[in-house]
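Written below as structure tokens is the structure these notes are about.
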Amino acid sequence: MSAAYAYPKSRFEPAGLVDLNAKSERERLSRSALKGFFRLADAWKVRDEDARELLGGLSSSAFYEWKKNPERVLEVDRITRISYLIGIYKALHILYGDKLADEWVSLSNKNLIFSGQTPLAFMQTGGLLAMQTVRKLLDARRGGL
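Residue numbering for the sequence shown follows the working numbering, starting at 22 and increasing by one per position.
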């Protein structure tokens, strides 16, 4: 007698994956991604030089142009970077109060992942993979691990 296990029915339907290779999707997301990034950088009090590194090494002239006019289509890499950073921002605000959440990226961290660096420095030097690591760490903490 073998009863098959089944998940109960739910009203939850997962959202479909966004194809960032499709220019139409990047066009749809780019403006709001940039606006969100600049708000996040302000909240974290990230220096412009550091913000440029988080975006993948953007020149200062392009950075200020993007800040002034976010109407553009970003590449997959930059949208992915911003997505990780916004996820990090959200996780921090779930885990900690607003003040600590916004300071966390600039505080020295004793977690072995960071090797004594601040999370911001870790993400700047490690790029996309470091951002993914920080996001996974915070998501694990949110899940109680």
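For glycine and all other residues, C-beta sits at the position ideal for the given N, C-alpha and C.
Item checked: Beta-carbon contacts of ARG102 that lie in its chain and below 7 angstroms, excluding the five residues immediately before and after -> So the qualifying residues of the chain are LEU75, LEU76, GLY77, LEU149 and MET152.
Margin query: Contact defined as beta carbons within less than 8 angstroms: I believe LEU50 pairs with ILE109. What is the distance between those atoms, to the nearest angstrom?
Written below: 18 angstroms between Cβ atoms; not a contact.
Next item on the list: State the DSSP-derived secondary structure class of GLY118, mapped to helix, strand or coil.
Entry: coil
Note to self: Please classify TYR26 as buried or exposed, where buried requires at least 16 other C-beta atoms within 10 Å of its C-beta.
What the structure shows: exposed
Notebook entry, point to check: Between ALA72 and ALA161, what straight-line distance do the alpha-carbon atoms span, to the nearest angstrom?
Noted result: 25 angstroms
Note to self: Going residue by residue through the stretch 41 to 120, where are the continuous alpha helix (DSSP H) segments of at least 4 residues, counting only ones entirely within it?
What the structure shows: 44 to 64, 69 to 75, 81 to 89 and 97 to 116
Margin query: In whole angstroms, give me the CA-to-CA distance for GLU70 and SER82.
Written below: Straight-line Cα distance between these residues: approximately 11 angstroms.
Check: According to the Cβ coordinates, are LEU61 and ILE115 closer than 8 angstroms?
Finding: LEU61 places its beta carbon 8 angstroms or farther from that of ILE115.
Checklist line | Exposure label - ARG68; buried when at least 16 CB within 10 Å | finding: Classified as exposed, ARG68 has fewer than 16 neighbouring CB atoms from the shown chains inside 10 Å of its CB.
Note to self: Quick check on ALA161: does DSSP put it in helix, strand or coil?
What the structure shows: In the three-state reduction of the DSSP assignment, ALA161 falls in the helix class.
Checklist line | Own chain partners of GLU48 with C-beta closer than 8 angstroms, once the 5 adjacent residues on each side are dropped | finding: VAL94
Margin query: Going by beta-carbon coordinates alone, are THR139 and VAL126 separated by less than 8 angstroms?
Written below: Against a cut-off of 8 angstroms, the Cβ pair of VAL126 and THR139 comes out as a contact.
Margin query: Would PRO91 and LEU41 qualify as a contact pair, given that the criterion is a beta-carbon distance under 8 angstroms?
Written below: no
Checklist line | Pair within 8 angstroms by beta-carbon distance, LYS88 and PHE59 | finding: yes
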